[in-house]
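Sequential numbering from 82 applies to the sequence shown in the working numbering. Ideal placement from N, C-alpha and C gives every residue a C-beta, glycine not left out. Input: a single structure, listed below in C-alpha cells.
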Amino acid sequence: MRNFISNRVTAVPPSGIRKYFDIAATMKGVISLGIGEPDFVTPAPILEAGIASLRRGETGYTSNSGTMDLRRAVATHYERLYGVSYGPDDEILITVGVSEAMYLIFTSILDTGDEVIVPQPSFVAYTAEVMLAGGVPVPIATRVENDFMVTGAEIEACITPRTKAILIGYPSNPTGAVMSRERLLEVARIAEKHDLLVISDEIYDRLVYGVAHTCFSSLPGMRERTMVLGGFSKDYAMTGWRIGYMLGPVDLVAAARKVHQYTIMSAPTTGQVAAVVALEQGEEYVERMRLEYDRRRKLIVSGLNSLSLDCFEPRGAFYAFPSIRKSGMNEEQFCDALLQEEQVACIPGSAFGAGGEGFVRMAYATSYEKIERALERMQRFMQRHG
82 MRNFISNRVT AVPPSGIRKY FDIAATMKGV ISLGIGEPDF VTPAPILEAG IASLRRGETG
142 YTSNSGTMDL RRAVATHYER LYGVSYGPDD EILITVGVSE AMYLIFTSIL DTGDEVIVPQ
202 PSFVAYTAEV MLAGGVPVPI ATRVENDFMV TGAEIEACIT PRTKAILIGY PSNPTGAVMS
262 RERLLEVARI AEKHDLLVIS DEIYDRLVYG VAHTCFSSLP GMRERTMVLG GFSKDYAMTG
322 WRIGYMLGPV DLVAAARKVH QYTIMSAPTT GQVAAVVALE QGEEYVERMR LEYDRRRKLI
382 VSGLNSLSLD CFEPRGAFYA FPSIRKSGMN EEQFCDALLQ EEQVACIPGS AFGAGGEGFV
442 RMAYATSYEK IERALERMQR FMQRHG
C-alpha cells in the first residue's frame, strides 16, 4: 500500500519538547521546569462566569467571528492599554487559542514557496505552521549579546523576492526577551520599505518585569500591515479554555475568517463568556500572578547564575534561558543527564531553532518551593559536572 502521508507533513520535524515530557511522565519525583503553562487555577470570577453560562444552557455555536460581547471587550482592552483602535465588526476574530490564529493567518496569506522570516529561538510552532501552510521559514539566529532581540539589519539581509511576512514573538518563548521600542521601530521600517506583513504574537504581553510592552500595531504606520495575535491562556491562566484572537486589517481578517468557518466554525462558547469577564474583572488577578512570576524569576535567575549556568535576564513571559556550556555538555546531553540523575526536566534550546544551541529552557511557571528544590538538585548536578 502506498504512503498516504503528504510530503508537507513529513517534512515537519516532531516537537523537540514532547520527548522530555513523555520521559518525565514515566518517572517518579520529577520536578518539571519544562512545561510553559501557568500553575495557577483560572481566577474565581472567570470560572464562575463560565459555569453560569453552562447553567443557562449557552451550549450552541456563536458567530464565526466570536460573540460581539467579547469582540467589543477586546477592542476596549487594546484601546485602553495601547491606544490602538480596532472595529469589533470586521477587524477582530476570536479563535481557538493563538495556535489556531497562527494557522489561519499563514493559510490565508501564503502560496507555495512564499517565505516568512522567523527570528529564533522561538516557539516551536512558528516554523511548523509556516511549513504546513506551504511556506518556507527563513530563520534568523538571535544572540544573547543582543539580549535575543532581532535587528532590522538582520531581517533586511534575509529578504528575497519571495519574502511575504515577518513573524515575531515578544515577550519571547523560550528566552524571556522583550523587544525594545527602538528595535521594533527598526522592524517596522524594514516592513514598510519592503512592503511586508508583520505577524506579532503577543500572548505574553501582560507578563513583563521592569519594562513596558509595546504593541507592534501601535507603532506609526504599522496598524495596516500588522496582524496582532493574542489570547487568555498565559495572562489569565486560561490555557484549557482555548480562547485567542487576531486583530488586523479588514481584508486579512476576512480571509482568516473564511478558513476559520470551514475548519472550526467558532471558538468555544463557554470560554468566550469567561473571557469577557477576564477582560472586565481580571486585572487584579493578572497583577497578582505577574508579581508572583517576578518573585520566581528572581529566584531562578540568581540561582542559575550561582551555579555557573550563566543566565540572560528574562524581562517577560515565564522562562529562563541559561547557557549550559560550563557543564561541558551540549544542550541535549545536559537535559538527558539532569533528568536521569536528578529528576529535573528542562528543554534543550535547540528545540526552539537557530541560536538555541548551548542553552536550555527552564519555565518558572511552577511554584517557588519547587524551583528551590530544583535548584538544590541542580547544585548537586553541577558539582559533578560543572
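Whole-number beta carbon distance between residue j and residue i, since they are thought to touch under 8 Å
{"i": "Ile405", "j": "Phe393", "result": "No, Ile405 and Phe393 are not in contact; Cβ-Cβ is about 13 Å, not under 8 Å."}
{"i": "Leu310", "j": "Ile284", "result": "7 Å"}
{"i": "Ala92", "j": "Ser189", "result": "Going by Cβ atoms, the distance from Ala92 to Ser189 rounds to 21 Å, so no, they are not a contact pair."}
{"i": "Gly115", "j": "Ala106", "result": "At roughly 11 Å, the Cβ-Cβ gap does not stay under 8 Å, so Gly115 and Ala106 are not in contact."}
{"i": "Glu267", "j": "Gly233", "result": "3 Å"}
{"i": "Ile236", "j": "Ile280", "result": "With 8 Å as the limit, Ile236 and Ile280 do not qualify as a contact, their Cβ atoms being about 13 Å apart."}
{"i": "Ile381", "j": "Ala401", "result": "5 Å"}
Cα-Cα separation between residue i and residue j, rounded to whole angstroms
{"i": "Gly312", "j": "Ile324", "result": "6 Å"}
{"i": "Leu360", "j": "Arg224", "result": "35 Å"}
{"i": "Ser146", "j": "Leu174", "result": "5 Å"}
{"i": "Arg465", "j": "Lys407", "result": "12 Å"}
{"i": "Thr320", "j": "Gly467", "result": "37 Å"}
{"i": "Val179", "j": "Asp282", "result": "8 Å"}
{"i": "Val231", "j": "Pro200", "result": "6 Å"}
{"i": "Ala318", "j": "Asp120", "result": "8 Å"}
{"i": "Thr157", "j": "Lys339", "result": "25 Å"}
{"i": "Arg304", "j": "Ser298", "result": "4 Å"}
{"i": "Pro218", "j": "Thr143", "result": "34 Å"}
{"i": "Gly164", "j": "Cys296", "result": "9 Å"}
{"i": "Gly430", "j": "Ser314", "result": "23 Å"}
{"i": "Tyr449", "j": "Val425", "result": "15 Å"}
{"i": "Thr53", "j": "Thr350", "result": "No answer is possible for residue 53: the residues shown for the chain start at 82 and end at 467."}
Assigned exposure category for residue i - 16 Cβ within 10 Å defines buried
{"i": "Asp286", "result": "buried"}
{"i": "Leu135", "result": "exposed"}
{"i": "Phe399", "result": "buried"}
{"i": "Gly363", "result": "buried"}
{"i": "Lys379", "result": "exposed"}
{"i": "Pro242", "result": "exposed"}
{"i": "Pro301", "result": "exposed"}
{"i": "Phe85", "result": "exposed"}
{"i": "Tyr343", "result": "exposed"}
{"i": "Ala238", "result": "exposed"}
{"i": "Thr193", "result": "exposed"}
{"i": "Asn88", "result": "exposed"}
{"i": "Asn254", "result": "buried"}
Strand pairing of residue i, partner residues [DSSP]
{"i": "Ala246", "result": "Val197, Leu278"}
{"i": "Arg442", "result": "Ile428"}
{"i": "Ser314", "result": "In DSSP, Ser314 forms no bridge with anything."}
{"i": "Leu174", "result": "Met327"}
{"i": "Pro95", "result": "Partner(s): none; Pro95 has no beta bridge."}
{"i": "Met260", "result": "Paired residues: none, contrary to the question."}
{"i": "Tyr163", "result": "Tyr163 is not bridged to any residue."}
{"i": "Met308", "result": "Ile280"}
{"i": "Ala222", "result": "Gln201"}
{"i": "Ile186", "result": "BP columns for Ile186 are empty, so no partner."}
{"i": "Val211", "result": "DSSP output for Val211 lists no bridge partner at all."}
Q.
In chain order, what are the residue ranges of uninterrupted alpha helix (DSSP H) at least 4 long that sit wholly in the region 363-437?
A. 364-387, 412-423
Q) Can you list the alpha helix (DSSP H) stretches of 4 or more residues lying completely in the region 99-132, in chain order? A) 99-106
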